[in-house]
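A.B. asks: Take 2 as the starting number for the sequence shown in this note's numbering and just add one per residue.
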Amino acid sequence: MPLQRPATPWADGGSLIMRTPCGKIYPIQLGSRLQDTWIELGSAAPGSGKSVLLNSMNISTIHRAGNIRLPLLTIIDVGPSSSGLILLIQDSLPEHRKHEAIYLRLQNTGKYAVNPYDTQLGARYPTAREQEFLVDFMTLFCTDPAKKHAPAACAQVNEMLLRIAFEDRAKKAAHAYEPHVEPIIDNVLETSGLKSQHDEQWWSVATWWEVTDMLFQAGFVREASIAQRHAVPVLPDFAAYLHNESIRQIFGEVPIDTGESLLSYMRRCFTTAISNYPLFAGRTRFELSNETRVISIDLNDVIGAKTPEGSLRTALMYMFARQLAAKNYFLREEVVLPVVPPLYHDYHKARIADIQDEKKDICYDEVHNTAGQESFIQTLIKDGREGRKWGIRIVCLSQYLFDYPEALLNAATAVYVMRGGNAADEKILRETYGISDEAIRRMQREAVGPGPDGGTFLALFKTKVGFVVQLLTNTVGPIELWAFSTTLEDVALRNRLYGRIGPYATRKLLAEHFPLGTAMETIEYMRVQLTDEDEVSVVEKLALKLETAHKKKLQKAMELVL
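#1: Our contact map puts Gln36 next to Thr433 with C-beta atoms below 8 Å; I'd like the distance itself, whole angstroms only.
#2: Taking contact to mean 3 or more Cβ pairs, one atom from each stretch, closer than 8 Å, check whether the region 326 to 334 and the region 344 to 353 are in contact.
#3: Report yes if the C-beta distance between Asn116 and Val206 is below 9 Å; otherwise report no.
#4: Checking the sheet assignment: what are the DSSP bridge partners for His150?
#5: Which two residues bound the contiguous beta strand (DSSP E) that contains Thr457?
#6: Just tell me which of Ser297, Ile227 and Val79 has its CA closest to the CA of Glu101.
#7: Looking only at its chain, what residues have a beta carbon closer than 8 Å to the beta carbon of Val492, apart from the 5 residues adjacent to it on each side?
#8: Within the region 243 to 321, note down every full alpha helix (DSSP H) run reaching 4 residues or more, in order along the chain.
#9: How would you call Ile251, buried or exposed, if buried means at least 16 neighbouring beta carbons within 10 angstroms?
#10: Is Tyr401 near Ala46, with beta carbons less than 9 Å apart?
#11: Taking three-plus beta-carbon pairs below 8 Å as touching, is the region 189 to 207 in contact with the region 257 to 276?
#12: Is it right to say Tyr526 is buried, meaning 16 or more other beta carbons lie within 10 angstroms of its own, or is it exposed?
#13: Apart from the five residues on each side of it in sequence, which residues of its chain come closer than 6 Å, Cβ to Cβ, to Phe410?
#14: Can you tell me whether DSSP reads Lys361 as helix, strand or coil?
#15: Return the CA-CA distance between Leu545 and Arg223, expressed in angstroms with no decimal places.
#16: Spatial neighbours of Arg170 within its chain, please: CB distance less than 7 Å, with the 5 preceding and 5 following residues excluded, ordered by chain position.
#17: In terms of residues, what are the limits of the alpha helix (DSSP H) holding Asn475?
#18: Give me the Cβ distance between Asn59 and Leu73, rounded to the nearest whole Å; I'm assuming they're in contact under 8 Å.
#19: Residues bridged to Thr208 by DSSP?
#20: Can you name, in chain order, every residue of its own chain whose Cβ lies under 6 Å from the Cβ of Ala282, other than the five neighbours on each side?
#21: Assuming Tyr27 is part of the alpha helix (DSSP H), what are its boundary residues?
#22: Helix, strand or coil: which one does DSSP assign to Thr549?
#23: What span of residues does the beta strand (DSSP E) with Val416 cover, start to end?
#24: Which residue or residues does DSSP assign as beta-bridge partners of Ser44?
#25: Taking Cβ positions, are Leu398 and Met19 nearer each other than 9 Å?
#26: Span of the alpha helix (DSSP H) holding Asp438?
#27: Around the Cβ of Gln121, are there at least 16 other Cβ atoms within 10 angstroms (buried) or fewer (exposed)?
#28: Measure how close the beta-carbons of Gly392 and Lys360 come, nearest whole angstrom, since I'm counting them as under 8 Å.
#29: Return the residue from the list Ala372, Lys51 and Val529 that minimises the CA-CA distance to Phe403.
#30: Name, in chain order, the residues that DSSP records as bridge partners for Ile77.
#31: Ends of the alpha helix (DSSP H) at Tyr434?
#32: To the nearest angstrom, how far is it from the Cα of Arg508 to the Cα of Ala484?
#33: Among residues of its own chain, excluding the 5 on either side of Ile40, which ones have a beta-carbon nearer than 6 Å to its beta-carbon?
#34: In or out: Ala460 buried (at least 16 other Cβ within 10 Å) or exposed?
#35: Hey, could you find the ends of the beta strand (DSSP E) Leu17 is sitting in?
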């Protein structure tokens, strides 16, 4: 009988259920009041159970005690590893609510264009938090890919550019309303009688901001938001505003390391971004439903190559996806109401009340692709350190701990290491977190990747009751394992059956035949048995056998009923 057993600081309960190597149940409360901030970092080499752990966390977030609806959850990934989670959620929702969880595979085309400079409805200026994000985002345009940071004065120039551009578009250079640009707006103005309220002279000088206010006051909220898209600045405006006299007076003579002037360098960077990124270089054409609660954004088709320039592109896409899905997580009355006219106050108070008390989660997978670009890392740290007051939990997963900059490692309040044996990671565990040699030896011996009993990993938690270091095992049921699998052959098998018998029946069928969550052993055996006479692949052959078995089972069940 053991004299000592591990104890969890969340003994009163937690939504994420793990177990210790000795078999004791170990609940974890994600986003707990026992932690000052919620910044969680994961280290997981390929095949060590990273996707299963992240999906387990997200499922536990959805089932968190007290939830009366789906939580606000954003997953930013490279690849479809979270698509199984979205399907699992959708299959649990009635038809009229399936849009509350979506999987979006982003493309760098105008079809998915979202203007990062869009403001809250009615707001002539961004909120303070949005301003900070936009400065970081624009500074990333100007980042030297090799150095991973922009020239020192770029952030200051961008702050001035934002103030000048929004002030200009709100007042003296407000965009004039143009008919035939948005047919939906023209139609509403005509059919509602709003157009007849003013004469032709008024309409000849009307601005998009005036049309926005008019539509909102008449109760056409969605149409007002569409009109507002034409009132705010877009990326090409900022290249032009670099010629502004106040900018030139302060920064016109500032040189950079290459000998080029700062403003000339920034103009070139903005021009390149306009050309390379139709996704965020124009006005918004893509919009998410206001009722969407869980969104997974797959960046696989828009990230860059494994080069310094490619890493910069990837960091931009991560930041863009964060803005697209999680922009409204940062709403509070004290930051929103000062930038919107009184006309919109009641509308925004209701929106803020709807989400203010909810916990929100932003999960970034495959973070190593960003290669530690400074502006992206600063956004992560800001979101994490201020996350508690917004109710936001930040999760980052990468292949190794050394993928994270020192500032992020120091800011982390939870760390998960999925596999032992990496010397660089072990050095960080010793020097940054003070982990004992015994704990590292146990990790080397037991955290060796997923097995029949689950995946064992080392977990570190900074809590108000002390620093907790514990080996834990994540054991997932076969249906969830099949939903979360990212193994190439298993995914191919699952997707074939999804299209033939449906997601729900597929997961149930695969769980019955392969309860360990993988068919690799069977597939490898079938490969050995393959002959020249076989005309289909092993995966297709297995899919056909499973489909036939499923149909026979259904037929037998029908015969019993009849």
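Glycine included, every Cβ here is placed at the ideal spot set by N, Cα and C. Just so you know, these numbers come straight off a predicted model, no measurement behind them.
C.D. replies: If we stick to the structure as given:
#1: Position 35 of the sequence shown holds residue 36. Position 432 of the sequence shown holds residue 433. With a beta-carbon spacing of about 17 Å, Gln36 and Thr433 fall beyond the 8 Å limit used to define contacts.
#2: Contact holds: three or more Cβ-Cβ distances are below 8 Å.
#3: As a position in the sequence shown, residue 116 is number 115, starting the count at 1. As a position in the sequence shown, residue 206 is number 205, starting the count at 1. At a Cβ-Cβ threshold of 9 Å, Asn116 and Val206 do not count as neighbours.
#4: Indexing the sequence shown from 1 puts residue 150 at position 149. Beta-bridge pairing links His150 to Asp145.
#5: Locating residue 457 in the sequence shown gives position 456, where the first residue counts as 1. Unbroken beta strand (DSSP E) run through Thr457: Gly456 to Thr464.
#6: Counting from one through the sequence shown, the residue named residue 101 turns up at place 100. Here the closest residue by C-alpha is Ser297.
#7: Taking the first residue of the sequence shown as 1, we reach residue 492 at position 491. If you ignore the 5 residues before and after Val492, its C-beta comes within less than 8 Å of the C-beta of Pro81 and Ser486, all in its own chain and listed in chain order.
#8: Complete alpha helix (DSSP H) runs here, min 4: 246 to 252 and 263 to 277.
#9: Counting from 1 along the sequence shown, the entry for residue 251 is found at position 250. Counting C-beta atoms within 10 angstroms of its own C-beta, Ile251 has fewer than 16 neighbours from the protein chains shown and is therefore classed as exposed.
#10: In the sequence shown, the residue the question calls residue 401 occupies position 400. In the sequence shown, the residue the question calls residue 46 occupies position 45. Here Tyr401 is near Ala46, since their CB atoms are less than 9 Å apart.
#11: No contact exists between the region 189 to 207 and the region 257 to 276.
#12: Counting from one through the sequence shown, the residue named residue 526 turns up at place 525. Result: exposed.
#13: Stepping through the sequence shown from its first residue, residue 410 is reached at position 409. For clarity, residue 410 is Leu in the given sequence; the question names Phe instead. Contacts found: Thr433.
#14: By 1-based counting over the sequence shown, the position of residue 361 is 360. Here DSSP, grouped into helix, strand and coil, assigns Lys361 to strand.
#15: To locate residue 545, count along the sequence shown from 1; it is residue 544. To locate residue 223, count along the sequence shown from 1; it is residue 222. Between Leu545 and Arg223, the C-alpha separation is close to 47 Å.
#16: As a working note, residue 170 is residue 169 in the sequence shown. The beta carbon of Arg170 sits closer than 7 Å to the beta carbons of His176, Ala232, Val233 and Pro234 from its chain, once the five residues preceding and following it are set aside; these are given in chain order.
#17: Taking the first residue of the sequence shown as 1, we reach residue 475 at position 474. For Asn475, there is no enclosing alpha helix (DSSP H); the enclosing beta strand (DSSP E) covers residues Gly467 to Asn475.
#18: One-based indexing of the sequence shown puts residue 59 at position 58. One-based indexing of the sequence shown puts residue 73 at position 72. The beta-carbon distance between Asn59 and Leu73, rounded to whole angstroms, is 12 Å. This is too long to meet the 8 Å contact definition.
#19: Indexing the sequence shown from 1 puts residue 208 at position 207. Note: Thr208 is bridge-paired with Ala177 in the DSSP secondary-structure output.
#20: To locate residue 282, count along the sequence shown from 1; it is residue 281. The answer, listed in chain order, is Leu236 and Ile275.
#21: Locating residue 27 in the sequence shown gives position 26, where the first residue counts as 1. Element bounds for Tyr27: not the alpha helix (DSSP H) but the beta strand (DSSP E), Ile26 to Ile29.
#22: Along the sequence shown, one-based indexing puts residue 549 at 548. Here DSSP, grouped into helix, strand and coil, assigns Thr549 to helix.
#23: The residue labelled residue 416 in the question sits at position 415 within the sequence shown. Val416 -> beta strand (DSSP E) spans Ala415 to Val418.
#24: Mapped onto the sequence shown, residue 44 falls at position 43. Per DSSP, the beta bridge partners of Ser44 are Ser399 and Val418.
#25: The residue you call residue 398 lines up with position 397 of the sequence shown. The residue you call residue 19 lines up with position 18 of the sequence shown. The Cβ-Cβ distance between Leu398 and Met19 does not fall below 9 Å.
#26: Working through the sequence shown from its first residue, we reach residue 438 at position 437. Unbroken alpha helix (DSSP H) run through Asp438: Asp438 to Glu447.
#27: As a working mapping, residue 121 is identified with position 120 in the sequence shown. It is buried - the Cβ of Gln121 has at least 16 other Cβ atoms within 10 Å.
#28: Taking the first residue of the sequence shown as position 1, residue 392 is located at position 391. Taking the first residue of the sequence shown as position 1, residue 360 is located at position 359. In this structure Gly392 touches Lys360 by the C-beta definition: roughly 5 Å separates them, less than 8 Å.
#29: Here residue 403 refers to the residue found at position 402 when the sequence shown is read from its first residue. Closest by alpha carbon: Ala372.
#30: Translated into positions along the sequence shown, residue 77 becomes position 76. BP columns for Ile77 point to Ile298 and Tyr365.
#31: Against the sequence shown, residue 434 aligns to sequence position 433. Counting along the chain, the alpha helix (DSSP H) containing Tyr434 begins and ends at Ala424 to Tyr434.
#32: On the sequence shown, residue 508 is found 507 positions in, with the first residue counted as 1. On the sequence shown, residue 484 is found 483 positions in, with the first residue counted as 1. Each residue's Cα considered, the two are about 7 Å apart.
#33: Taking the sequence shown and counting its residues from 1, one reaches residue 40 at position 39. The beta carbon of Ile40 sits closer than 6 Å to those of Gly385, Ile395, Ala412, Ala413 and Thr414, all from its chain and outside the five residues before and after it, given in chain order.
#34: As a working mapping, residue 460 is identified with position 459 in the sequence shown. That one is buried.
#35: The residue labelled residue 17 in the question sits at position 16 within the sequence shown. Residues Leu17 to Arg20.
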